[in-house]
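Sequential numbering of the sequence shown, starting at 1, is according to full-length UniProt numbering.
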Amino acid sequence: MPSVWTPALLAALCLALAAACGIVARQRHLLRLARLDNARLSATAQDRATPRDVLAHEIRTPLALIGASAELLAEETPGELNEVQRRFVHTIQDNARQAQQMAEDFLTEARLGHELFSLRLADVELRGLVRELIQEIRHTASNPIRLEERGRPIRAHADHRLLRQAIANTVTNALRHSPEGGAVTVRVSAEAESALITVMDDGAGMTPDERSRAFEPYATTNPLAAPASRGAGLGMLVTQRIMEAHDGSVLIDTIMARGTTVYLSLPLRRGAPPKEGQAA
């Protein structure tokens, strides 16, 4: 312990205490949110929970804490990282995010099939939702994501959380199937009376058989891929069910060796701005 507390030492101590308090506060906040959400999910799906659903339910809290801790490390809150440490932190973030998304897909699939399920509808501005989501995904994405979302606000009456999950599933799936260095393009637009989110990749595309099985449970479009590049096989099924619950749809346009384009559409909110290029 120093015999003399200089202004520099006091400043360093204050910074260290502030960082430690920030870590604890953020982890407590995430833990509280996860517990509240877990309680809500338990109340609506308890009577039909399978062991798979229970497992997905229970691992959400530790996964949230792992992700939050990795995020703090990436921000170098505890101290500066070297290049090797940054790669390790990126790996932790990427895999924690994938595991969280799998758990969410399992739970959402169970919720959507529950007789008491109902959407939590609200006015959602789609450009802002997609912009915020892409910024988050970019933190751990290995490939670039191009976002085309400039223009008038596009509004829909939707369940913000579920719609966000459907878009995240689609973008993550495109990243998973993109070649090294390949880019994913995300576009938000309005067509006639529908809002349209378009996700394009320049990967290997799908065969007709893979395309026909894309919405089947536990389907994988590339069974020979490394485990790290495969999902749980529920992402597109859950995405389809979410969009259909919004009176929308999912369409897949794919060409072998030319990539895949996925279109998510849902009705525009009544009184929303006209489609792009159309006079008000």
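We put the beta carbon where it would ideally sit given N, CA and C, even for glycine.
Inter-residue Cα distance where the pair is residue 237 and residue 178 | When rounded, the distance between both Cα atoms is 20 Å.
At what residue ranges does the stretch 148-185 contain a whole run of the alpha helix (DSSP H), taking only runs of 4 or more?
-> Complete alpha helix (DSSP H) runs here, min 4: 160-176.
Own chain, CB closer than 6 Å to residue 169, minus 5 neighbours either side, in chain order = 235, 239.
With residue 133 and residue 242 assumed to form a contact (beta carbons below 8 Å), what rounded beta-carbon distance in angstroms separates them?
-> That pair is no contact at about 14 Å.
Buried or exposed (CB count within 10 angstroms, at least 16 for buried), residue 139 = Answer is exposed; the Cβ neighbour count stays below 16.
Using a threshold of 8 Å, state whether the C-beta atoms of residue 154 and residue 192 are closer than that.
-> For residue 154 and residue 192, no; Cβs fall outside 8 Å.
Provide the residue span of the beta strand (DSSP E) that contains residue 267, from first to last.
-> It spans 259-267 - the beta strand (DSSP E) in which residue 267 sits, taken as one unbroken run.
Would you grab the beta carbon distance between residue 266 and residue 122 for me? Rounded to a whole angstrom, and I think it's under 8 Å.
-> About 13 Å separates the two Cβ atoms, so there is no contact after all.
Start-to-end residues for the beta strand (DSSP E) that takes in residue 210 = In the DSSP assignment, residue 210 falls outside any beta strand (DSSP E) and lies within the alpha helix (DSSP H) extending over 208-212.
Which ranges would you report for the beta strand (DSSP E) in the stretch 90-157 if only whole runs of at least 3 residues count?
-> Listed in chain order, the complete beta strand (DSSP E) runs (minimum 3 residues) inside the stretch 90-157 are 121-125, 145-148.
Is residue 94 closer than 8 Å to residue 119 when the C-beta atoms are compared?
-> Their beta carbons are not under 8 Å apart, which means residue 119 does not touch residue 94 by this criterion.
Excluding the five sequence neighbours on either side, which residues of its own chain have a C-beta within less than 6 Å of the C-beta of residue 269, listed in chain order?
-> The answer, listed in chain order, is 155, 156, 157.
Segment limits, alpha helix (DSSP H) that includes residue 77 | Secondary structure note for residue 77: it is in no alpha helix (DSSP H), with a DSSP letter that is neither H nor E.
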